[in-house]
Each structure stands twice: as structure tokens, then as C-alpha cells.
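Let me begin by presenting the structure, written as C-alpha cells, before commenting on it.
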């Protein structure tokens, strides 16, 4: 189980509408990522699903049941918070056992479940420590442990990795993905990091100002962004968006071309520019180029020996050129 | 640049701090010293500081003439009872103000504090009448309730400041984990706030212990606490300084000792939230 459906859900804080009417269906077992810039309402949306905030109007269905007016505990969902939100006065064992204790489960069953979760999450040797004695990654595992013992209908993750350092973040990202493959439970994951979204999601929901800009698989969003916002948000480095003459040539208000879809030459091509900064990563070279149409980014596979001030030519791959109308929407 | 403090400057500061500390402590010290003097030495001029005939006679007399233990017991019941009752009421109140504030929360807090600005004597007469009606004069229950009400604003304020420091996400996690409001307060909030609750309790016990206006006016003999015990040595006996000092010393000793051992908690409690 673990289907979640939002029907015309809105949220107002006082007079300010942070979520305009919004519809969304999340299928059973899906890994859905809400992504968007900060303040886009993704965390609020998650909290509405969790029941930590009341919706202003609309309906939330969980497994077909109306959960709109149910308290957070009654919805059968578990949440992992950005700050981990562990109980600092309890040992790891008691932290993980807390939801089971609240559910009135008997002690023997609680012990068995806690041991089980600890084994899955490599926490077995830390069970008697306090959260304060653990590293960031371990704390995050405890928070996940506390969520999985409940066997919830769905997991809600609120930017769970943003307090971790870069290396640990990559590890935990993999662990959460593996956990999803093992448990096959619905997961809703909020992040502002589009790399996390692209790597983890079955389905990405791109949000801006409380509105859903696009819903799709990572590659759908990459290949066919519905509008300029999604085009600019998904993909790293960002898609180059050009207006003016080159767009008019293609019969569009704006054209978009990803840095990896530009061929670079030192002699000839469609657009000429001067290299401002060259970033040599070994595997790739990123060039930030000043052109007549604004600054562009190019990704060259492997090493390319250019530097500041060098003149280069760029040619877009026509098959990967995105066209957008004056309203910002994609032209098919 | 870090501010550098020279050794000389430091010792001046230390001396100054000691001087102020001694100045504040002096009346208590003088009371304690006087309690060991004879009545003649107590009023001698120039005053005798340390060189007098030390005697325990005053304590013997005080002990003989009044039942210290009964006053002590009354003080314990009144201070302890009003604090306990206050805490039980204040925890949910402070919880709601810290975690589910409304638009008027700040106003309510200010309004509660403003009740402390009312001179107590202004409501003495109505209170006295109410006490007569309820049959609460000279009773433990009456004093426990009055002192609880008097100190409740301070208890709520202190707990509120403490609770504000507790991250709301932890309470939300408890809610997600299926904790009812009662379990949330009992298993998560209260244990996390133990240091804050402890210093609130300590301060409140001290305030209730030292409260003299209501305890003197609303008690006669049965429920009279140590404040009444001291007072009984001042007026009717004339000026027997040494005996009065002995009675005072006996009255303040318990709270002084308690305060001494819990200094750390108290200071932390009073300055909590001031520095992050």
C-alpha cells in the first residue's frame, strides 16, 4: 500500500496563498522527489501530506481513504527530518523503539524489530549510545531506522541529506535508493538539489511558487522540459537559454541548448565567443563563454586546452535544441 | 581583536566583585553573627564584629519558646506545594505558548507579567473575604493556592523561555511517531526540559519560601510558616536583637543551604536564553 492523491489542495498562511490548487497522484512504491528552489513550497507540501500542517482546502487521499482531517500519527506515514529530530535524551535503541512503544506494541516484539532495523542500517553496535555521541551520518541512519520500524505506507524525507558533507551525502543517497529497492515502499523526498532528484527519483515533481511546473521521470524532464523554468532547473551545468536572433531563426522566443549538446571548435561554427573561465576537471572541461547573445556554458568531454581570452566557435546539436514560445512554454 | 585584560586590571575587577558580593551578603552575615551574641553585645556600640563571648543561648531560648519544627514543616508544605501545583499548570501553558503561539500570545505573556506589578496590599481585603468564605484562613491549601497564583507568571515565563529553545521538529517527530499530546509532553518535552524545569522549581521554592506578605496576613498559628516565626520575634518582644537574629538564622538556613548547593542550576536558569 502507499498510494497518495492530492485533489485541489491549497494552503494559505494568513492571506498569503503558498500552494494554489494542486493535484498530484503518487503511485504505490514510487520514489517521488519534490524539487524546486528554496521557498517554492516543496517542504510545505510534504508537511501537508504528513499532516503537520492543515490544508486550507482540498482533499488528501491515502490508499483511497480520505486522510484530510486525520492527525499525523493516524496517516500511517513516517517522516525523516532535515535536522534528524532525534530524541536527545533517549538512547538509539529507545529512539528507534519510540513509535512502536507509542503504538502499544509489547516489549519482545519491539526489541526484535529494533534489532532488525539496526542490522539493516549498520547501527547494531551503537544501540546504547545517545544521539549526541553519533556522527551526522549515523544520526541520519537512526532517523531512518525510527521511520522503517513502523512499516509505514510511505516515507517522507524532508531534505534529509542537506546537513551532511558532500562525500557522506553521496553515500547516503545510495543507501536510501537501495533501501527503496529493498522495501519497495512509497517514498516522497524533498530536496533543492536537482542532482539528488535526478539520481534517486522514479518521478520528479518540479515546483515553483507552490505550483507544479512539470511531473515526469528524470529523463523526461531532461529531454523535454515543459517550460523555460524546468529547462533551467534540471540539468547540471544549467541549460543555456538564448533569446534574440538565434531564437528567431528557429521560430521561437527562446531556445535552449544544454552545455553537453554544443560542439566546440577553434576554427568554425555557428556562434562565436570568448572564453571567460575554463574549468578543467580532467573528465570534462567546462567553458564559460561570452557571446553576443549572453554568457553560455559548454561542456567538453575530456580535456581541452583553452584558457581565458581564447576565441572559440560553438555549434548546437539540432536534435537536442529546445524551443520555447513567448509564454515560456515548450514548442513541440 | 580580542580584548586584552591586564593582570592588574583583573585583580581590581576581582576585588571590586568581592566588595559588592560582601556588601550584599553583609546583612545576612551580621544576622548570623548577632545570633551568637548576648543581648548586651548585640546592641553594643561601637558594634562588636568577631570579638565577643560566643553563645548558643539564643538558639536554646528560641527553640524552647516556639515550635521551630512546625513552622519549618509549614514552610516546606507551602513552598513545595505551591511550586508543584504551579509547575503542573505551567508546563501545558508554556507548551502551548511556545509551540502553538497565537497572534495574542505575546500579549498574554505581558499581561501575566503585569499582574506582578499590582501591589499585593491592593487585593488583600477582597482576598481576605474570599478566604473567610472558603474557610481557607490559616490553612495549607489556601496558602498553597495563593502563592502558586502569585508565582505562576514567573514559572510560565521561565518555562516558556526554555521551551522556545527546544526545536519544534523534535515534537513534530514525536507526533509523526504516534505520540498523543500527553505522551509528547510526558516522554519528549519534559525530559528534554529537565534542566529548565529544575531551575524554575528551585527559584520558585526560594520565592515562595521567602514570601512574607500573604503568609503573614492569611495565617495565625496552624499554617504559619517560618516568615511568621521570624515576625513573632520582632514586635511583641520589643527589641531582642540576638533572639530575633537566632530566629532569622534558623528560618533562612534551609533555603540558604539549598541555594548554595544549587547555585549553578539557578544561575543557568536565570540567564538562560540571554546568550546563545
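Protein chains in written order, with our numbering: chain A, 1 to 332; chain B, 1001 to 1276. Backbone N, C-alpha and C define an ideal beta-carbon position, used for all residues, glycine too. Please read all numbers here as calculations on a predicted model, not as lab measurements.
Are the beta-carbon atoms of residue i and residue j separated by less than 8 angstroms?
| i | j | result |
| --- | --- | --- |
| residue 1229 (chain B) | residue 1066 (chain B) | yes |
| residue 1079 (chain B) | residue 1208 (chain B) | yes |
| residue 1189 (chain B) | residue 1171 (chain B) | yes |
| residue 142 (chain A) | residue 152 (chain A) | no |
| residue 1246 (chain B) | residue 1038 (chain B) | no |
| residue 1219 (chain B) | residue 1129 (chain B) | no |
| residue 333 (chain A) | residue 35 (chain A) | Since the first residue of chain A shown is 1 and the last is 332, residue 333 (chain A) is not available in this structure. |
| residue 41 (chain A) | residue 186 (chain A) | no |
| residue 1074 (chain B) | residue 1224 (chain B) | yes |
| residue 58 (chain A) | residue 10 (chain A) | yes |
| residue 50 (chain A) | residue 60 (chain A) | no |
| residue 1036 (chain B) | residue 1055 (chain B) | yes |
| residue 1210 (chain B) | residue 1166 (chain B) | no |
| residue 1226 (chain B) | residue 1125 (chain B) | no |
| residue 238 (chain A) | residue 297 (chain A) | yes |
| residue 270 (chain A) | residue 316 (chain A) | yes |
| residue 1031 (chain B) | residue 1248 (chain B) | yes |
| residue 272 (chain A) | residue 291 (chain A) | yes |
| residue 282 (chain A) | residue 303 (chain A) | yes |
| residue 24 (chain A) | residue 212 (chain A) | yes |
| residue 140 (chain A) | residue 84 (chain A) | yes |
| residue 1140 (chain B) | residue 1206 (chain B) | no |
| residue 1185 (chain B) | residue 1101 (chain B) | no |
| residue 156 (chain A) | residue 188 (chain A) | yes |
| residue 19 (chain A) | residue 45 (chain A) | yes |
| residue 240 (chain A) | residue 216 (chain A) | no |
| residue 114 (chain A) | residue 149 (chain A) | yes |
| residue 1200 (chain B) | residue 1158 (chain B) | yes |
| residue 314 (chain A) | residue 262 (chain A) | yes |
| residue 234 (chain A) | residue 242 (chain A) | no |
| residue 77 (chain A) | residue 154 (chain A) | yes |
| residue 1160 (chain B) | residue 1193 (chain B) | no |
I think residue i touches residue j, with their Cβ atoms under 8 angstroms apart; what is that distance to the nearest whole Å?
| i | j | result |
| --- | --- | --- |
| residue 208 (chain A) | residue 159 (chain A) | Actually they do not touch by this definition, with Cβ atoms about 17 angstroms apart. |
| residue 1097 (chain B) | residue 1153 (chain B) | That belief does not hold up - the Cβ atoms of residue 1097 (chain B) and residue 1153 (chain B) are roughly 12 angstroms apart, past 8 angstroms. |
| residue 201 (chain A) | residue 218 (chain A) | 6 angstroms |
| residue 93 (chain A) | residue 1177 (chain B) | Contact doesn't hold; Cβ gap of about 15 angstroms is too wide. |
| residue 301 (chain A) | residue 274 (chain A) | So it is not a contact: roughly 22 angstroms between Cβ atoms. |
| residue 73 (chain A) | residue 1175 (chain B) | 6 angstroms |
| residue 12 (chain A) | residue 56 (chain A) | 5 angstroms |
| residue 1122 (chain B) | residue 1204 (chain B) | Not really, about 23 angstroms apart at Cβ, beyond 8 angstroms. |
| residue 1120 (chain B) | residue 1018 (chain B) | Incorrect: roughly 35 angstroms between the Cβ atoms, too far for contact. |
| residue 195 (chain A) | residue 236 (chain A) | 6 angstroms |
| residue 1179 (chain B) | residue 90 (chain A) | Contact doesn't hold; Cβ gap of about 12 angstroms is too wide. |
| residue 137 (chain A) | residue 172 (chain A) | 6 angstroms |
| residue 326 (chain A) | residue 253 (chain A) | 4 angstroms |
| residue 75 (chain A) | residue 62 (chain A) | 6 angstroms |
For residue i, write down the residues that DSSP places opposite it in a beta bridge.
| i | result |
| --- | --- |
| residue 322 (chain A) | A:256 |
| residue 155 (chain A) | A:78 and A:187 |
| residue 336 (chain A) | Outside the shown range of chain A, which is 1 to 332, sits residue 336 (chain A), and nothing can be said about it. |
| residue 34 (chain A) | A:190 and A:205 |
| residue 1080 (chain B) | Paired residues: none, contrary to the question. |
| residue 277 (chain A) | A:288 |
| residue 315 (chain A) | A:263 |
| residue 1095 (chain B) | Looking at the DSSP assignment, residue 1095 (chain B) forms no beta bridge with any residue, so it has no partner. |
| residue 1151 (chain B) | None; residue 1151 (chain B) has no bridge partner. |
| residue 413 (chain A) | Since the first residue shown for chain A is 1 and the last is 332, residue 413 (chain A) is missing from the structure and cannot be characterised. |
| residue 301 (chain A) | A:284 |
| residue 272 (chain A) | A:313 |
| residue 243 (chain A) | A:254 |
| residue 25 (chain A) | A:5 |
| residue 329 (chain A) | A:227 |
| residue 214 (chain A) | A:206 |
Quick check: is any heavy atom of the ligand SAM less than 7 angstroms from the C-beta of residue i?
| i | result |
| --- | --- |
| residue 323 (chain A) | Absence of the ligand SAM is noted for the structure shown, with no ligands found whatsoever. |
Subject >> Interfacial residues, the stretch 3-24 of chain A to chain B, with Cβ spacing under 7 angstroms >> reply: Sequence-ordered contacts of the stretch 3-24 of chain A with chain B are nonexistent [C-beta pairs closer than 7 angstroms].
Subject >> Interface positions of the stretch 1168-1192 of chain B facing chain A (Cβ-Cβ less than 7 angstroms), listed along the chain >> reply: Result list: 1169, 1170, 1172, 1173, 1175, 1176, 1177, 1178, 1179, 1183, 1188, 1191 and 1192.
Subject >> Near-chain B residues of the stretch 84-108 of chain A - C-beta to any C-beta below 7 angstroms >> reply: The residues in question are 85, 87, 88, 89, 98, 99, 102 and 103.
Original post:
Using a Cβ cut-off of 9 angstroms, which residues of the stretch 131-146 of chain A contact any Cβ in chain B, in chain order?
Top reply: Listed in sequence order: 143 and 146.
Original post:
What beta strand (DSSP E) runs, 3 residues minimum, are completely inside the stretch 1175-1226 of chain B?
Top reply: Those beta strand (DSSP E) runs which fall completely within the stretch 1175-1226 of chain B and span 3+ residues do not exist here.
Original post:
Taking only runs of the alpha helix (DSSP H) that begin and end inside the stretch 50-125 of chain A, which ones reach a length of at least 4 residues, in chain order?
Top reply: For the stretch 50-125 of chain A, the continuous alpha helix (DSSP H) assignments of 4+ residues that do not extend past its boundaries occur at 92-102 and 107-120, in sequence order.
Original post:
Relative to chain B, which residues along the stretch 50-64 of chain A have a C-beta separation below 9 angstroms, given in chain order?
Top reply: Within the stretch 50-64 of chain A, the residues whose Cβ lies closer than 9 angstroms to some Cβ of chain B are 50, 51 and 52, listed in chain order.
**OP:** Can you give me, in chain order, the residues of the stretch 165-183 of chain A that have a beta carbon less than 8 angstroms from any beta carbon in chain B?
**Re:** So the list is empty, because no residue satisfies the distance condition.
Subject >> Contact residues within the stretch 71-84 of chain A, judged by C-beta distance below 8 angstroms to chain B >> reply: Hits within the stretch, in order: 71, 72, 73, 77, 78, 79, 81, 82 and 83.
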